[in-house]
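Per full-length UniProt numbering, the sequence shown starts with residue 1, numbered consecutively.
Even for Gly, the Cβ is constructed at its ideal location relative to N, Cα and C.
What follows is a set of notes on a single structure, which appears directly below.
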Amino acid sequence: MAKVLVVDDAKFMRMTLTNILQKGNHEVVGEAENGQEAIDLNESLKPDLITMDITMPEVNGIEALKRIKASASDVSIVMCSAMGQQKMVVEAIEHGAKDFIVKPFDETRVLDAIDRVLN
């Protein structure tokens, strides 16, 4: 069972992702609504995996990814993006993201991506 931090500025998206992850027997250890919170919670919660939205207030997902990877290179990060953000997804993967999932979330696809990254 992986410890997962769910990061998205939309509460509905966090709830949806949390439900999917719990069905897949993963433990959601925390939620963050912006990149700065994600950076802080990564320090205290030490998750195995972070699902990271790209577009967020304060610190966006790409910047949070860079900062988290600089201090905790072993954490796996999966980016969450809406359609049409391919350029940002490519940038995220160049900076160490392991995979990406597209919104709206498809339960099977989300769990497949998470399992791929963790194994």
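- DSSP places I101 inside the beta strand (DSSP E), whose first and last residues are 99-102.
- Secondary structure note for D53: it is in no alpha helix (DSSP H), and the uninterrupted beta strand (DSSP E) holding it is 49-53.
- Contact annotation, S76 with L41: C-beta distance approximately 15 Å; criterion of less than 8 Å not satisfied.
- Annotated as proximal: A2 and H26, with beta-carbon spacing under 8 Å.
- When beta bridges are read from the DSSP output, I77 appears opposite I50.
- For G30, no alpha helix (DSSP H) run applies; the uninterrupted beta strand (DSSP E) run containing it begins and ends at 27-32, by DSSP.
- Per DSSP, V4 is not a residue of any alpha helix (DSSP H); the beta strand (DSSP E) it occupies stretches across 3-7.
- Taking 8 Å as the cut-off, the beta carbon of L5 is found closer than this to the beta carbon of P47.
- In this structure, the CA atom of G61 is about 11 Å from the CA atom of E37.
- Listed in chain order, the non-local C-beta contacts of N19 below 7 Å within the same chain number zero, local neighbours out to five positions each way being set aside.
- Between the C-alpha atoms of L111 and I101 there is a straight-line separation of about 10 Å.
- Pairing K69 with K23, the inter-Cα distance amounts to about 28 Å.
- If you draw a straight line from the Cα of M79 to the Cα of G30, it comes to about 16 Å.
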